[in-house]
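Per our numbering, the sequence shown starts with residue 339, numbered consecutively.
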Amino acid sequence: MSACQPYDDYAWAISSQIWEDWPKLLCTDGDIYNDIAVNLSERFSPLEFAEFEYLSTGGFNTCFKMTFSNDLSAIIRFPIPGNIMYPEEKTRNEVSIMRFLSEVTADRTPIPVPFVFHWTVTKESPSELGPFIIMKYIPHEGSSLYGNLANIVLSLSTIHFNRIGSPDKNDNSMWEVIRRPLSYSMNEIVQLGTLPRSKLPTGTSPTYLTHLRHQKNEADIPEDVPADAFADDCRRKCLARILFQKIVRNQEHRKQWISHEKGPFPGWCDDFQPENVLLDEAESVVGVVDWEFTYTAPAEFTYAPPWWLLLIKPEDWPNGLDDWCTECEKALRVFLVAMWKVEDDAIQNKRLLEGQRLSSRMRDSWQSGDFWIMYAARNNFAFDAIYWKKIDRRFFESISDEQDNVRDIWRERLDLLEPEETKLMEEYVDLKL
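Here you go:
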């Protein structure tokens, strides 16, 4: 069984085509290219620009760079329509989180984020291309090392709110969580799983985790796409999600892995990874970029070790999930040493309390298997294999060696369903087929 479930082919094809065509359109259409340049230069009047150029296209954004006569450089950044399903919300949230981090981390371990000069919505953008952000360009030489990464992860973990969601300033100019969390998972399931945008959102960890899995239930069975799987495969997928919700909702199960059910909820970035941390020649951090999927989240997200220690996600690892675990454990030992040193320095300089250490919590999360619960909750298309291989037998009775095949284990779990849950599963199968 593959560790990664297939995306919806039609949705994937459309998204990929837009991703390829979008930067070409911006660069080759003379009127659009000129509109972007004029819009950017006007923001810095009376400075004169010396150079305007296409910079790059990443997974979610296309960027242009303008250098002015005084050597100031700025970039204008547009979300890619085929990859970002909520461009206005994404842009607003990213601006808010960058401004928030600039303010609140000044007296902690600073997280250097780009300075935002301006942002706007689609109607006010050049040629109505979409919302955009104009921010300071950060010269850099490469990506980051474990110590630098640990510093940023630790600093982000010390930011807390009493709700899960996206922070912004309220009417009293105070930072508060006032909007829903816009997560990578929410964007992906609309982009590649064809879930209607109207289906997407909470105050506690269990309700948020339940929402993530309920969202996946509906996405697995789009009404207008013919089924490409057998009935048993449909039952196995549906059963995994029902059982996962039981784990979240059952208090006896939940107390094994949720320690801060009602908060506080620390800052969390779904897309944080080494390539987003910019270094100078001395390997010091000069900037951290790509904050669009940042929100306050269950503390257990932060307590789990980062998946990016191997740079490749477990479901994409060429030698399989077990080999990924072996290699990740080696890398985790090195990372936790770096984290411990960073924590020691922060404690010595009065920026951290002993009880706020992450290193011991990350070690516990890995050893207990909590890491996999958090990872499965956040990753739509990796959920099935991870649930059956890493989560199921921790909470339900052991299964005989004869039934060790992931595709067959589910049959021994059918008796755990209530009659109404069995009925729901069969309705899903009928819809799928």
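Just so it is clear, CB atoms sit at the ideal spot from N, CA and C, and this is done for glycine as well.
Can you pull the DSSP bridge partners for Glu-513? Taking the sequence shown and counting its residues from 1, the one referred to as residue 513 is at position 175. The sequence as given places Trp at residue 513; Glu does not occur at that position. According to DSSP, which records beta bridges pairwise, Trp-513 is partnered with Lys-507.
Check Thr-632 in the structure and name its three-state DSSP category. In the sequence shown, the residue the question calls residue 632 occupies position 294. It is a strand residue.
- Item | Close Cβ partners of Trp-678 (< 7 Å) along its chain, the five nearest in sequence each way excluded | The residue given as residue 678 occupies position 340 in the sequence shown. Here the set comprises Ser-697.
- Message: Please report the distance separating the alpha-carbon of Gln-611 from that of Trp-645.
- Response: Taking the sequence shown and counting its residues from 1, the one referred to as residue 611 is at position 273. Taking the sequence shown and counting its residues from 1, the one referred to as residue 645 is at position 307. Using only the alpha carbons, I get a separation of about 9 Å.
(Q) Taking contact to mean 3 or more Cβ pairs, one atom from each stretch, closer than 8 Å, check whether the segment 717 to 733 and the segment 566 to 582 are in contact. (A) yes
| message | Let me confirm a value: Thr-640 is counted as buried when at least 16 other C-beta atoms fall within 10 Å, else exposed. Which label applies? | response | Residue 640 sits at position 302 when you count from the first residue of the sequence shown. With 16 or more other Cβ atoms within 10 Å, it is buried.
**Pairwise C-alpha distance: Met-763 and Leu-410** = The residue given as residue 410 occupies position 72 in the sequence shown. The residue given as residue 763 occupies position 425 in the sequence shown. Computed Cα separation, rounded: 59 Å.
Checklist entry - Which runs of the beta strand (DSSP E), 3 residues or longer, sit entirely within the segment 620 to 674? => result 623 to 626, 632 to 634
Beta bridge counterpart(s) of Asn-525 as assigned by DSSP
Counted from its first residue, the sequence shown places residue 525 at position 187. Beta-bridge pairing links Asn-525 to no other residue.
Would you report the Cα separation of Thr-458 and Gly-707, rounded to the nearest angstrom? Looking up residue 458 in the sequence shown gives position 120. Looking up residue 707 in the sequence shown gives position 369. Between Thr-458 and Gly-707, the C-alpha separation is close to 43 Å.
In terms of residues, what are the limits of the alpha helix (DSSP H) holding Val-442? Position 104 of the sequence shown holds residue 442. Per DSSP, Val-442 belongs to the alpha helix (DSSP H) from 425 to 442.
Looking at C-alpha atoms only, which residue of Leu-674, Ile-435, Met-473, Ser-465 is the closest neighbour of Gly-368? For the purposes of this step, residue 368 is taken as the residue at position 30 of the sequence shown. Among Leu-674, Ile-435, Met-473, Ser-465, the Cα nearest to that of Gly-368 is on Ser-465.
Q. What first and last residue would you give for the alpha helix (DSSP H) that runs through Val-491?
A. Along the sequence shown, read from residue 1 onward, the residue named residue 491 stands at position 153. Segment 484 to 495, the alpha helix (DSSP H) holding Val-491.
**Item:** Simplified DSSP assignment, three categories, for Pro-417
**Value:** The count along the sequence shown starts at 1 and reaches residue 417 at position 79. Here Pro-417 sits in strand by DSSP.
Give the DSSP bridge partners of Pro-604, in chain order.
Within the sequence shown, residue 604 is the residue found at index 266, counting from 1. BP columns for Pro-604 point to His-498.
Gly-503 versus Thr-429 - alpha carbon distance: Numbered from its first residue, the sequence shown carries residue 503 at position 165. Numbered from its first residue, the sequence shown carries residue 429 at position 91. Rounded to whole angstroms, Gly-503 to Thr-429 spans 15 Å at the Cα level.
Could you compute how far the alpha carbon of Trp-748 sits from the alpha carbon of Arg-517?
Here residue 748 refers to the residue found at position 410 when the sequence shown is read from its first residue. Here residue 517 refers to the residue found at position 179 when the sequence shown is read from its first residue. Taking the straight line from one Cα to the other gives about 38 Å.
**Message:** Please list the terminal residues of the continuous alpha helix (DSSP H) segment that includes Ile-471.
**Reply:** For this step, residue 471 is matched to residue 133 along the sequence shown. Note, Ile-471: premise wrong, no alpha helix (DSSP H); beta strand (DSSP E) at 470 to 474.
*asked:* Which residue wins for smallest C-alpha separation from Ile-472, given the options Phe-734, Lys-403, Asp-373, Phe-499?
replied: Walking along the sequence shown from the start, residue 472 turns up at place 134. When each option's Cα is compared against that of Ile-472, the closest is Lys-403.
- [ ] Look at the alpha carbon of Arg-592 and the alpha carbon of Tyr-766, and state the distance between them as a whole number of angstroms.
- [x] As a first step, residue 592 must be located in the sequence shown, where it is residue number 254. As a first step, residue 766 must be located in the sequence shown, where it is residue number 428. One C-alpha to the other measures close to 27 Å.
- Task: Just the C-alpha distance for Pro-452 and Arg-574, rounded to the nearest angstrom, thanks.
- Result: For the purposes of this step, residue 452 is taken as residue 114 along the sequence shown, with counting starting at 1. For the purposes of this step, residue 574 is taken as residue 236 along the sequence shown, with counting starting at 1. Looking at the two C-alpha atoms, the distance is approximately 45 Å.
- Query: Residues in its own chain within less than 7 Å of Glu-756 by CB, not counting five upstream and five downstream?
  - Reply: As a position in the sequence shown, residue 756 is number 418, starting the count at 1. For Glu-756, where only same-chain residues beyond five positions count, there are no Cβ hits under 7 Å.
inquiry  = Do Pro-505 and Ser-434 count as a contact pair if the criterion is CB distance below 8 Å?
reply    = The residue given as residue 434 occupies position 96 in the sequence shown. The residue given as residue 505 occupies position 167 in the sequence shown. Yes, the pair counts as a contact, with Cβ atoms nearer than the cut-off.
Straight-line Cα distance separating Pro-419 from Trp-360: Position 22 of the sequence shown, counted from the first residue, corresponds to residue 360. Position 81 of the sequence shown, counted from the first residue, corresponds to residue 419. Rounded to whole angstroms, Trp-360 to Pro-419 spans 8 Å at the Cα level.
| message | Between which residues of its own chain and Leu-616 is the CB-CB distance below 6 Å, once the five residues before and five after are set aside? | response | In the sequence shown, residue 616 corresponds to position 278, counting from 1. Excluding positions up to five away in sequence, the list reads Ile-476, His-478, Val-624, Gly-625.
Taking the beta strand (DSSP E) that Asn-399 belongs to, which residues open and close that run? Working through the sequence shown from its first residue, we reach residue 399 at position 61. Residues 399 to 406.
Spatial neighbours of His-498 within its chain, please: C-beta separation below 7 Å, excluding the five flanking residues on both sides. By 1-based counting over the sequence shown, the position of residue 498 is 160. So the qualifying residues of the chain are Pro-602, Phe-603, Pro-604.
How long is the line joining the alpha carbons of Ala-565 and Cys-572, rounded to whole angstroms?
-> As a position in the sequence shown, residue 565 is number 227, starting the count at 1. As a position in the sequence shown, residue 572 is number 234, starting the count at 1. Low confidence applies here, because Ala-565 scores a pLDDT of 49, under 50, leaving its location unreliable; read the following figure in that light. Looking at the two C-alpha atoms, the distance is approximately 9 Å.
Checklist line | Nearest neighbour of Met-436, chosen from Pro-656, Glu-630, Ser-407, Val-672 [CA to CA] | finding: Residue 436 sits at position 98 when you count from the first residue of the sequence shown. Comparing Cα-Cα distances from Met-436 to each of Pro-656, Glu-630, Ser-407, Val-672, the minimum goes to Glu-630.
key: Range of the contiguous alpha helix (DSSP H) that encloses Leu-617   = The sequence position of residue 617 within the sequence shown is 279, counting from 1. Where Leu-617 is concerned, there is no enclosing alpha helix (DSSP H), although the beta strand (DSSP E) it sits in stretches over 615 to 617.
Review point. Hey, out of Ser-521, Tyr-522, Asn-500, Thr-395, whose CA is closest to Glu-514's CA?
Key: Within the sequence shown, the letter at position 176 stands for residue 514. Of the candidates Ser-521, Tyr-522, Asn-500, Thr-395, the one whose C-alpha sits nearest the C-alpha of Glu-514 is Asn-500.
- Query: Helix, strand or coil for Thr-447 per DSSP?
  - Reply: The residue labelled residue 447 in the question sits at position 109 within the sequence shown. If DSSP states are grouped into helix, strand and coil, Thr-447 belongs with coil.
Just list the residues that DSSP pairs Ser-411 with in beta bridges.
Along the sequence shown, one-based indexing puts residue 411 at 73. Ser-411 is bridged to Thr-405.
*Run through DSSP, which three-state label would His-591 get?*
Your numbering for residue 591 matches position 253 in the sequence shown. Here His-591 sits in helix by DSSP.
Exercise. DSSP three-state call for Leu-393: helix, strand or coil?
Worked result: Against the sequence shown, residue 393 aligns to sequence position 55. Leu-393 falls in the strand class under three-state DSSP.
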